[in-house]
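Heads up: the sequence shown runs through residues 1 to 193, numbered per UniProt numbering.
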Amino acid sequence: MTVTASKYALRENDHYETEAWAVDALVRACPSISNSRVYEPAAGNHAIVDALGKYNVESITSDIKTYDQQHDFEADYLTNDQCLDVACECDWIVTNPPYGRQNRLAVKFVERALRVRRVNVAMLLTAKFDFGKTRRHLFADNKRFAGKVALLDRISWAGNGKTGTEDHAWYIWSAIGDPYNGPTMRWEARGAA
Ligand SMILES: C[S@@+](CC[C@H](N)C(=O)[O-])C[C@H]1O[C@@H](n2cnc3c(N)ncnc32)[C@H](O)[C@@H]1O
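Right under this line is the structure:
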């Protein structure tokens with residue numbers, strides 16, 4: 001979730017919930033998420049793992065804070081090594097992380113996820129997150145970067161159906177050892193068949 005600098009951190013811990021249609025869009029683009037083991041390290045109120053439930057996904061959740069849903073464990077993903085240990089046992093890390101000022105927290109979340117060699121990573125980020133010279137190590141210079149799924153509809157972060165003002169996309173990195181075919185670009189929308 002992005003807010004303007006002056007309105008930054010309107011919610012504690014940058015807690016905004018992802019709508020289910022955005023998760024459906026991710027699974028359409030990455031069908032191997034179905035029937036897999038997924039770690040959600042910034043799970044919030046479990047919006048993502050709940051939406052993944054219909055795809056027979058086994059999920060493990062953590063977050064720096066407990067809101068209305070009980071996580072498997074509570075942890076600061078950026079400092080707690082248990083998070084990396086759990087990720088090592090999973091097929092995917094899937095999250096909409098906190099973004100922080102100028103997306104700096106989001107960058108740290110991606111960098112930390114990529115410390116796990118044998119895991120695929122999907123992060124919901126702003127549509128231009130891959131722009132900028134300081135992120136070349138995550139994209140242009142990263143052989144794990146497998147693609148971007150642009151969301152053609154805007155997510156409602158307010159939970160009231162009112163869409164936000166920002167475009168978002170899923171960014172995908174593959175596990176080390178998977179064949180490298182270069183990144184692919186996809187476009188998905190709310191309610192697409
Ligand atoms: C944008 S919300 C997304 C919640 C959930 N992933 C979703 O998509 O509905 C970001 C979440 O990151 C959590 N968070 C913030 N900093 C964190 C950290 N250092 N480690 C783990 N979770 C963190 C917040 O508590 C919040 O639940």
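Quick reminder that beta carbons are idealized off the backbone N, C-alpha and C, glycines included.
I need the DSSP call for residue i, collapsed to helix, strand or coil.
i, result
"residue 7", "Because residue 7 carries a pLDDT of 44, less than 50, the predicted location of this residue cannot be relied on, and no value is offered for it."
"residue 33", "helix"
"residue 110", "helix"
"residue 54", "helix"
"residue 78", "coil"
"residue 170", "strand"
"residue 186", "strand"
"residue 93", "strand"
"residue 103", "helix"
"residue 66", "coil"
"residue 17", "coil"
Terminal residues of the continuous alpha helix (DSSP H) containing residue i?
i, result
"residue 84", "81-88"
Starting from residue i and walking both ways along the beta strand (DSSP E), at which residues does that stretch end?
i, result
"residue 149", "145-151"
"residue 220", "Given that the chain is displayed from residue 1 to residue 193, the structure contains no residue 220 and the question cannot be resolved."
Do residue i and residue j have their C-beta atoms within less than 8 angstroms of each other?
i, j, result
"residue 68", "residue 35", "no"
"residue 14", "residue 132", "no"
"residue 164", "residue 155", "yes"
"residue 59", "residue 41", "no"
With a threshold of 8 angstroms between beta carbons, is residue i in contact with chain C?
i, result
"residue 55", "The chain inventory of the structure shown lacks chain C, comprising one protein chain alone."
**OP:** Give every residue whose Cβ lies closer than 7 angstroms to any heavy atom of ligand 1, listed in chain order.
**Re:** 1, 13, 14, 15, 16, 17, 18, 40, 41, 42, 43, 44, 45, 47, 48, 62, 63, 64, 65, 67, 75, 76, 77, 78, 95, 96, 97, 98, 105 and 124
Original post:
Does the segment 11-18 come close enough to the segment 95-102 to have 3 or more Cβ pairs within less than 8 angstroms?
Top reply: yes
Original post:
For the 8 angstroms Cβ check, are there 3 or more pairs between the segment 118-138 and the segment 170-182?
Top reply: yes
Original post:
For the segment 136-149 against the segment 71-87, are there 3 or more C-beta pairs whose distance is under 8 angstroms?
Top reply: no
**OP:** Pair every Cβ in the segment 173-193 with every Cβ in the segment 22-37, then say whether three or more of these pairs are closer than 8 angstroms.
**Re:** yes
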